[in-house]
Amino acid sequence: MKVVNIIPFGPQHPVLPEPIHLDMQTEGEIVTDVKVVVGYVHRGIEKGLENDYEKNMFLAEKICGICSGVHTSTYSMVIESIMGVEVPQRAELIRAIILELERLHSHLLIIGLVGDAIGYENFFMQTWRDREIVMNLLGTLTGNRVHYGINKVGGVRRDLTDERIALIKKAMAELRPKIDDIADIVYHDYTLKKRGRGVGVLKKSDAIALGIVGPNARASGVNYDIRSTGYGAYKDLHFKPILGEAGDCHERTSVRVKELYQSMDLIEEALSLLKPGEIAARPKGFPKGEAVARHEAPRGELFYYARGVGKKEMYRVKVRTPTYANIPGIPPLVKGMQIADVPYIVVSLDPCISCTER
Amino acid sequence: MNGTEKSRLKSPWITHINTGGCNGCDIEILACLTPKYDIERFGILNKGNPKHTDVLLVTGPVTKKYIHVLKNLYDQTPGPKVVIAVGTCACSGGVFKDLYNVEGGVDQVIPVDVYIPGCAVKPEAIIDGVVLALEKLKKLQEGTWKEVGE
Amino acid sequence: MNTIDIAIRILLFVLAPAFGCLFFGIDRKLTARMQNRVGPPLLQPWYDFKKLMGKTEEIVNHIHLVFAFAYVAFIMLALGIFLMDGDLIVICFSLGASQVFLALGAFSVRSPYSHVGAHRHLLQMVAVEPLLILAAVTIKLQTGSFVLSDIYARSTYPFFGINTILLLSLPVAFFIVILATIVDTQKSPFDISTAHSEIVSGTFVEYSGPYLAITKLGHWFELSLLFAFVSIFFSSDVLWISIAGKLTLDFAVFLLILVIDNSTARLTIDRLVKFSVRIGLPLIIINIVLIVISSMGVIA
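Protein chains in written order, with this note's numbering: chain E, 1 to 358; chain R, 1001 to 1150; chain B, 2001 to 2300.
So this is what it looks like as structure tokens:
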């Protein structure tokens, strides 16, 4: 009988903030097989969403703490689709600005965690110090650093006054040189490239076959970004997906850095298109019918399906989050790599386990 | 208060345990280590190993799959130790209280010393909570701690 | 040696862990400043040590503790031999023995992280120890003896010949001692056997409470020993020049290690072994060949 050496990773581990369990079979330092065990974060939210359609907003928001804005935006979009509510242009632009700010903070977070995973603590500290600019801005605009509560069915709850717009412009001007510094380290640092190049390579054909979404797929050359479909305010904004080629860990990090620049440009463009107007439309009646809504969350494609039967309570809400599609990518990427590379590979796929398990 | 007791207050090492939350409080705990809030100036180190820590920062409503893991981690930590429940979900279950896979609050599983409410908890509140936990430890050592209601 | 000499050496031995504690405190403070933070007070490692001594004892198995004590004992032995101006080769092997005991202790528990850490620790020894011994060999070839009292006597500053100041004539040996310091104090890029984000604490994962404090004491002694090694590379006839020069050299190496630590990510264990085999080994062999040739009088 062959003796198998199994190294456990998680559910409590210093590099991952969330519980996930990997059983890695190793020979020496090379991983030969990996088994992923999930289920520690499953709370039963979809059953809890069979409730009052306006109160559901607060439960949908708490599915994930990092991408909570996009969950509420997609939920609002799907209910507005069912009820036929026309959202005013100003509300769409405010939603787009908050979503792009959220993309900024989420990408800066995961770039920092990459630094932490490979032992480059200074890079982690620098990235998170610069992320505080975005967090402060979000706190001032919406009232809370995390869980903004900005969306409601029909529009947004808070307006962007002139002084808040001035704050956004000032923060973007302060942030740009700092992101230049971070980009310089990611593109040119010797040890970062040594740890990332050729590690966890995802080929384009595998990415399509496994259904990987988000910056992970774009780094392998798959041209898939939901913002191209022009939902919400994106039909008025100039947008082109950013693609990479090599598909390894370093490429995924580089694509995220380029998306930081793209988000800052989109915010400035959206601010220039703001015209005075209403910020919310009143929905009439109760939702009856079914609809589907998709958004590009920082991690990939977020998909909501909802069905109402003419009552205040929703009959069914289904959520498919981007990490749910990305988790099957972990075993093929980790096989054949060293134990030391596993934290970097898992973090570079940007997993959000609380989104996955709802 | 002798030297060891003073040192205990000057060097509390933390482990952060996520029992199934939405990740918001965890990100704010990690943000406490970064330059803007810097809890290392209090001697606090983020050690991932329960055998090396004194303070357990627990977030999230405890899901049923995580109960035995949480008990295991609590038993592995050598005394004297302090448990801090960070966030509304850890205090009482929060938004998730009546869902089918949630036990509801950390104190259903292990004894809790300090509760920090908030959704998500601001880093300033986390620092405040850790300082309160150290004061409780100091008073427990001196024998002057009074529970609420005594 | 008269009694005052012996008393000073015993005093240095007792002060060695204090020096190690202060070094780690300054290290954490300077690292924090480089990361734009405030950082802990300078005596923080002392507070950590006292707190750990006061925790309740949770013992996994007794042999685990025996190996921890052996690790500390052999480092103290190496430092003691150094301070009594003993033999350089015995010091190198005593240091190697202490690392082997640490790895064996980590193998004696059942945690897989401990085993991976111990395996990496042994590989790290394979990468660094032979180079350290070859460095000691070059010092012998240069000064004619392994014994420290002779080395000090024959490499002193007032003889202006460049071959006698070890720092200038044996740069490769100096580079190898710096490499050994980085690896043994677990600093980037070579903090591989206690990689925090991969294997939690590696070899130290199952130690807790007072026994973790003992391993920290061993760490402080180890640091003092390595900096004492660095200080061999400068010595002088005049006492105050000797002390000032050694302290300056130690301080310069300390700053260099700190800067390297803060500007690199962690590399993998095979990179460390490849580095020492492909770069360290050829360089030290070239240095040995050059010394042998110059001593045969071919290069005047």
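Heads up, the beta-carbon is just placed ideally off N, CA and C, and yes, glycines get one too.
query: To the nearest whole angstrom, what separates the beta carbons of residue 1019 of chain R and residue 1063 of chain R, a pair I think is in contact under 8 Å?; result: 7 Å
query: Check whether chain E comes within 9 Å of residue 1023 of chain R, counting only Cβ atoms and requiring the distance to be less than that.; result: yes
query: Across which residues does DSSP place residue 1086 of chain R in a beta bridge pair?; result: R:1059 and R:1116
query: Which residue from E:66, E:36 and E:70 puts its Cα closest to that of residue 319 of chain E?; result: E:70
query: How is the alpha helix (DSSP H) around residue 2072 of chain B delimited, first residue to last?; result: 2062-2083
query: Quick one: measure Cβ to Cβ for residue 269 of chain E and residue 237 of chain E, integer angstroms, because I've assumed they're closer than 8 Å.; result: 5 Å
query: So that I know if they touch, is there some Cβ in chain R lying closer than 9 Å to that of residue 2161 of chain B?; result: Caution is warranted here: a pLDDT of 46 is assigned to residue 2161 of chain B, below 50, making its placement in the model unreliable, and no coordinate value can be reported.
query: Entirely within the stretch 156-189 of chain E and at least 4 residues each: give me those alpha helix (DSSP H) ranges in chain order.; result: 162-188
query: Going by DSSP, which residues form a beta bridge with residue 1108 of chain R?; result: Answer by DSSP bridge pairing: none, since residue 1108 of chain R is not bridged.
query: Looking at residue 1036 of chain R and residue 129 of chain E, is the spacing between their C-beta atoms short of 9 Å?; result: yes
query: What residues from the stretch 2244-2273 of chain B come within 8 Å of chain E, judged by C-beta to C-beta, listed N to C?; result: 2262, 2263, 2264, 2265, 2266, 2267, 2268, 2269, 2270 and 2271
query: Classify residue 2161 of chain B: buried if its beta carbon has 16 or more other beta carbons within 10 angstroms, exposed otherwise.; result: Confidence at residue 2161 of chain B is low in this model, with a pLDDT of 46, below 50, so its placement is unreliable and no value can be given for it.
query: Among the candidates R:1135, R:1133 and R:1119, whose CA atom is the shortest distance from the CA of residue 1025 of chain R?; result: R:1119
query: Measuring straight from C-alpha to C-alpha, what distance separates residue 359 of chain E and residue 213 of chain E?; result: With chain E represented from 1 up to 358, any question about residue 359 of chain E goes unanswered, as that position is not in the structure.
query: Sorted by chain position, which residues of the same chain lie with C-beta nearer than 8 Å to residue 313 of chain E's C-beta, five sequence neighbours on each side aside?; result: 50, 51, 52 and 53
query: Please tell me whether residue 365 of chain E and residue 41 of chain E are closer than 9 Å, where the distance is taken between their beta carbons.; result: A query on residue 365 of chain E cannot be resolved here, the shown segment of chain E reaching from 1 to 358 and no further.
query: Can you name the start and end residues of the beta strand (DSSP E) that residue 25 of chain E belongs to?; result: 21-27
query: How big is the Cα-Cα spacing for residue 2039 of chain B and residue 2293 of chain B?; result: 51 Å
query: Hey, out of R:1031, R:1004 and R:1009, whose CA is closest to residue 1124 of chain R's CA?; result: R:1031
query: So, helix, strand or coil for residue 1023 of chain R, using DSSP?; result: coil
query: Going by DSSP, what residues sit across from residue 9 of chain E in a beta bridge?; result: E:22
query: Can you tell me where the alpha helix (DSSP H) with residue 131 of chain E in it begins and where it stops?; result: 121-142
query: Using the rule of at least 16 other Cβ atoms within 10 Å of the residue's Cβ for burial, across every protein chain shown, is residue 272 of chain E buried or exposed?; result: exposed
query: Could you tell me the alpha carbon to alpha carbon distance between residue 2163 of chain B and residue 2274 of chain B, rounded to whole angstroms?; result: Per-residue confidence for residue 2163 of chain B stands at a pLDDT of 48, beneath the threshold of 50, marking its modelled position as unreliable; the derived number appears in the next sentence. Distance between the alpha carbons of residue 2163 of chain B and residue 2274 of chain B is about 31 Å.
query: Take every Cβ of the stretch 300-308 of chain E, pair it with every Cβ of the stretch 284-292 of chain E, and state whether three or more of those distances are shorter than 8 Å.; result: yes
query: Against chain R, with Cβ distances strictly below 9 Å, would residue 371 of chain E count as a contact?; result: Residue numbering for chain E in the displayed model covers 1 to 358; residue 371 of chain E lies beyond these limits and cannot be assessed.
query: For residue 2221 of chain B, which of helix, strand or coil comes out of DSSP?; result: helix
query: When the distance is taken between beta carbons, is residue 1057 of chain R closer than 9 Å to residue 1015 of chain R?; result: yes
query: Please report the Cβ distance between residue 232 of chain E and residue 92 of chain E, rounded to the nearest whole angstrom; I am assuming they are in contact, meaning their Cβ atoms lie under 8 Å.; result: 5 Å
query: For residue 288 of chain E, which three-state DSSP category applies?; result: strand
query: Measure the alpha-carbon distance for residue 1081 of chain R versus residue 1009 of chain R and round it to whole angstroms.; result: 12 Å
query: Against chain B, with Cβ distances strictly below 9 Å, would residue 192 of chain E count as a contact?; result: yes
query: Quick check: the stretch 2027-2034 of chain B against the stretch 2253-2261 of chain B, are at least 3 beta-carbon pairs closer than 8 Å?; result: yes
query: Return helix, strand or coil for residue 147 of chain E, following the three-state DSSP convention.; result: coil
query: Counting only beta-carbon atoms, is residue 1004 of chain R nearer than 9 Å to chain B?; result: yes
query: Between residue 1132 of chain R and chain B, is any beta-carbon pair separated by less than 9 Å?; result: no
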